[in-house]
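Trainee: Sharing a structure, written as structure tokens. Questions coming.
There are 2 protein chains.
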Amino acid sequence: MDSDAAELPAAKRADRVRARSAARREAERLQLRETVLRIAERQLVAHGYERFSLREVAEEAGYSPTALYRYFADRDALLAEVCSRYFAQFGDVLQAADRSATDPRGRLMAQAQAYVQFAIDHPAVYRLMFLERPEMGMGLTIDDVASDAGFNVLAEAVGALAATGEIGSLDVLSATMVLWSGVHGLAAMVVTMNLLPPDQYLAMTRALSTTMLAGLQHG
Amino acid sequence: MDSDAAELPAAKRADRVRARSAARREAERLQLRETVLRIAERQLVAHGYERFSLREVAEEAGYSPTALYRYFADRDALLAEVCSRYFAQFGDVLQAADRSATDPRGRLMAQAQAYVQFAIDHPAVYRLMFLERPEMGMGLTIDDVASDAGFNVLAEAVGALAATGEIGSLDVLSATMVLWSGVHGLAAMVVTMNLLPPDQYLAMTRALSTTMLAGLQHG
DNA sequence: ACAGTTGCGTTAACGGTGTTAACATAACGT
DNA sequence: ACGTTATGTTAACACCGTTAACGCAACTGT
């Protein structure tokens with residue numbers, strides 16, 4: 429049939445077949461992992477963290493519950509992977525907001541808006557990332573957080589603000605933590621109680637960030 | 429035996445016995461409720477919200493799991509009652525802090541300190557009250573919150589601050605929400621991740637409240 | 001081409017959860 | 001003394017995450 433292939437040594441063709449077969453199986457494995465992750469993400473968003481069930485993910489995927497253990501160590505590992513992807517997305521969102529302005533003030537204001545907007549858009553995910561299982565993503569120690577992408581975007585903008593002298597008596601790390609606490613508090617309210625409609629939460633975010641920035645300047 | 433009692437009509441003595449019996453049974457019922465509540469509180473504090481188990485409460489109380497349903501509608505009702513008592517305590521703590529100073533600024537600073545201190549002292553309870561099940565206690569709507577004791581202590585101090593003109597362009601409700609968001613964000617961090625030792629959290633609380641108060645003044 | 005190994009998915013089972021239903025028993029009111 | 005009510009029990013249901021044992025297909029080395 430294939431004259432070129434026929435001229436090659438049989439051993440090499442067998443090797444090619446073997447390699448491609450392994451690659452195909454690996455691809456299938458990755459694809460199944462991917463669909464399971466997408467199902468898990470969908471159910472997490474739909475049902476919330478507290479009702480998230482490994483068995484239900486398996487059912488929707490068309491497998492027995494125990495089959496998923498071939499691909500994920502346990503329920504937490506599955507959730508952690510979903511989490512880590514959203515953490516990357518969250519970092520990107522903050523970075524994009526940061527780039528939407530040039531002056532430190534504007535950069536911080538935009539970041540705050542984007543931060544709370546993320547919580548509004550993905551409440552179940554924000555809850556998992558920052559409220560229920562903070563170890564999935566940013567970790568529990570101050571060093572973990574200091575190495576987080578999102579935190580550093582914020583910290584750098586605060587550093588830039590400090591360079592203009594508008595940071596008062598606080599050091600950069602403290603000022604960063606203070607600002608983070610503020611938006612985190614609002615985000616936590618967004619995902620746990622719906623006191624206000626989303627747009628009012630954004631207005632509140634504006635009020636909070638202007639207040640804090642003004643306070644840093646005159647503190 | 430007892431000549432006085434013998435002279436009374438038998439019917440009346442029977443009534444007295446009946447009433448006291450009912451009272452005694454009611455007291456026993458209340459006492460059992462109370463011990464169950466104390467056990468539940470202890471286990472909530474010890475194991476945290478996510479591991480809280482009705483069956484384990486029943487076991488420690490010396491009853492079968494289903495027995496508790498005579499005294500509480502379900503697991504959530506039991507937790508809600510534990511919650512409501514802590515809410516009362518939380519309100520008292522804030523009020524006491526409020527009274528520790530006379531000027532609006534000092535009142536708000538003291539309240540912020542007491543707020544975060546409460547989260548440090550009772551992390552599992554704060555999580556239940558404000559993060560996991562906010563409907564147990566302060567509710568989910570803005571009207572529920574507006575009728576909460578703790579919130580009103582804060583709101584009144586903000587009102588007093590506004591009377592001195594140090595509140596800038598924000599209305600009292602918005603300013604209250606902004607301040608609450610800030611301390612809530614810190615408290616949420618206290619109970620979900622332990623980035624810092626408690627005393628540093630309190631220092632951060634001071635930094636946060638001075639910043640926000642300065643921001644309100646110059647905003 | 002055949003034998004052995006590896007990977008995948010299954011069922012069965014364990015210990016745990018909240019909750020409902022049916023039942024026993026003791027105390028109470030008439 | 002009898003019927004009723006309150007209190008607590010056991011059994012059972014429907015879930016949950018997780019482990020162990022097994023069947024089976026595909027792949028690998030000889």
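Chains Z and V, in that order, give the protein sequences. Per this note's numbering, the first sequence starts with residue 429, numbered consecutively. Per this note's numbering, the second sequence starts with residue 429, numbered consecutively. Even for Gly, the Cβ is constructed at its ideal location relative to N, Cα and C. These numbers come from a predicted model, not from an experiment.
1) Any beta carbon of chain V sitting closer than 9 Å to that of residue 563 of chain Z?
2) So residue 500 of chain Z and residue 506 of chain Z are supposed to be a Cβ contact under 8 Å. How far apart are they, rounded?
3) Put residue 537 of chain V into one of helix, strand or coil per three-state DSSP.
4) According to DSSP, is residue 592 of chain Z helix, strand or coil?
5) Would you call the CB atoms of residue 619 of chain Z and residue 547 of chain Z closer than 9 Å?
6) Ordered along the chain, which non-local residues of its own chain (more than five positions away) have a Cβ less than 7 Å from that of residue 526 of chain Z?
7) Taking the alpha helix (DSSP H) that residue 495 of chain Z belongs to, which residues open and close that run?
8) Quick check: what's the CA-CA separation for residue 456 of chain V versus residue 510 of chain V?
9) For residue 598 of chain V, which of helix, strand or coil comes out of DSSP?
10) Identify the continuous alpha helix (DSSP H) that holds residue 562 of chain V and give its terminal residues.
11) For residue 434 of chain Z, count neighbouring C-beta atoms within 10 Å of its own C-beta (all shown protein chains included) and say buried if the count is 16 or more, exposed if not.
12) Using a Cβ cut-off of 9 Å, pull out every chain V residue sitting near residue 476 of chain Z, in sequence order please.
13) State the Cα-Cα distance for the pair residue 643 of chain V and residue 520 of chain V, rounded to the nearest angstrom.
14) Between the C-alpha atoms of residue 470 of chain Z and residue 628 of chain Z, what's the straight-line distance to the nearest angstrom?
15) Please identify the residue among V/565, V/531 and V/553 whose C-alpha is closest to the C-alpha of residue 591 of chain V.
16) Should residue 492 of chain V be labelled buried (16 or more other beta-carbon atoms within 10 Å of its own) or exposed?
17) In its own chain, which residues sit with a C-beta less than 8 Å from the C-beta of residue 533 of chain Z, not counting the 5 before and 5 after it?
18) Grouping DSSP H, G and I as helix and E and B as strand, with all else coil, what is residue 646 of chain V?
19) With 9 Å as the limit, tell me which residues of the segment 528-556 of chain V have their beta carbon closer than that to any beta carbon of chain Z; keep them in chain order.
20) If I measure Cβ to Cβ from residue 543 of chain Z and keep anything under 7 Å in the same chain, skipping five residues before and after, which residues do I get?
21) So for residue 621 of chain V, helix, strand or coil by DSSP?
22) Please classify residue 462 of chain Z: does DSSP put it in a helix, a strand, or coil?
23) With 9 Å set as the bound, which would you pick, yes or no: does the beta-carbon of residue 600 of chain Z sit closer than that to a beta-carbon of chain V?
24) Starting from the beta carbon of residue 638 of chain V, find every residue of chain Z whose beta carbon is closer than 7 Å, and list them in chain order.
25) Any idea if residue 479 of chain Z is buried or exposed, counting beta-carbon neighbours within 10 angstroms, 16 or more meaning buried?
26) Leaving out five residues before and five after residue 496 of chain Z in sequence, what residues of the same chain have Cβ atoms less than 8 Å from its Cβ?
27) Is the distance from the Cβ of residue 508 of chain V to the Cβ of residue 566 of chain V below 9 Å?
28) Could you give the distance in angstroms between the alpha-carbon of residue 377 of chain Z and the alpha-carbon of residue 600 of chain V?
29) Does DSSP put residue 530 of chain V in a helix, in a strand, or in coil?
Mentor: On the basis of the supplied data:
1) Closer than 9 Å: yes.
2) About 4 Å; that satisfies the 8 Å criterion.
3) Under the three-state reduction of DSSP, residue 537 of chain V is assigned to helix.
4) Note: residue 592 of chain Z maps to coil in three-state DSSP.
5) Yes, the pair counts as a contact, with Cβ atoms nearer than the cut-off.
6) Excluding positions up to five away in sequence, the list reads 535, 538, 539, 581 and 585.
7) From DSSP, residue 495 of chain Z is part of no alpha helix (DSSP H); its letter is neither H nor E.
8) The alpha-carbon atoms of residue 456 of chain V and residue 510 of chain V are separated by roughly 19 Å.
9) Reduced to three states, the DSSP call for residue 598 of chain V is coil.
10) Note, residue 562 of chain V: premise wrong, no alpha helix (DSSP H); not H, not E.
11) For residue 434 of chain Z, the predicted structure reports a pLDDT of 42, less than 50, and the residue's modelled location is therefore unreliable. The matter cannot be settled from this model.
12) Against chain V, a Cβ distance below 9 Å from residue 476 of chain Z picks out nothing, because the smallest value is about 11 Å.
13) Between the alpha carbons of residue 643 of chain V and residue 520 of chain V lies a gap of roughly 28 Å.
14) Roughly 27 Å separates the two Cα atoms.
15) If we check each option's Cα against that of residue 591 of chain V, V/531 comes out closest.
16) Under a 10 Å Cβ-count criterion, residue 492 of chain V is classified as exposed, with fewer than 16 other Cβ atoms of the shown protein chains found around its own Cβ.
17) Taking residue 533 of chain Z as the centre and dropping the five residues before and after it, the same chain places the C-beta of 589, 594 and 641 closer than 8 Å to its C-beta, in chain order.
18) Under the three-state reduction of DSSP, residue 646 of chain V is assigned to coil, being neither helix nor strand.
19) Under the 9 Å Cβ criterion, the segment 528-556 of chain V contributes 555.
20) Excluding sequence neighbours, residue 543 of chain Z sits near 522, 611 and 615.
21) Residue 621 of chain V falls in the coil class under three-state DSSP.
22) For residue 462 of chain Z, the three-state secondary structure derived from DSSP is helix.
23) No - not a single Cβ of chain V is within 9 Å of the one on residue 600 of chain Z.
24) The contact set of residue 638 of chain V on chain Z, defined by CB atoms closer than 7 Å, consists of 647 in chain order.
25) With fewer than 16 other beta carbons inside 10 angstroms of its own, residue 479 of chain Z counts as exposed.
26) The beta carbon of residue 496 of chain Z sits closer than 8 Å to those of 464, 482, 485, 486, 489 and 506, all from its chain and outside the five residues before and after it, given in chain order.
27) The Cβ-Cβ distance between residue 508 of chain V and residue 566 of chain V does not fall below 9 Å.
28) A question about residue 377 of chain Z goes unanswered here, because the residues of chain Z that appear run from 429 up to 647.
29) For residue 530 of chain V, the secondary structure class from DSSP, reduced to helix, strand or coil, is coil.
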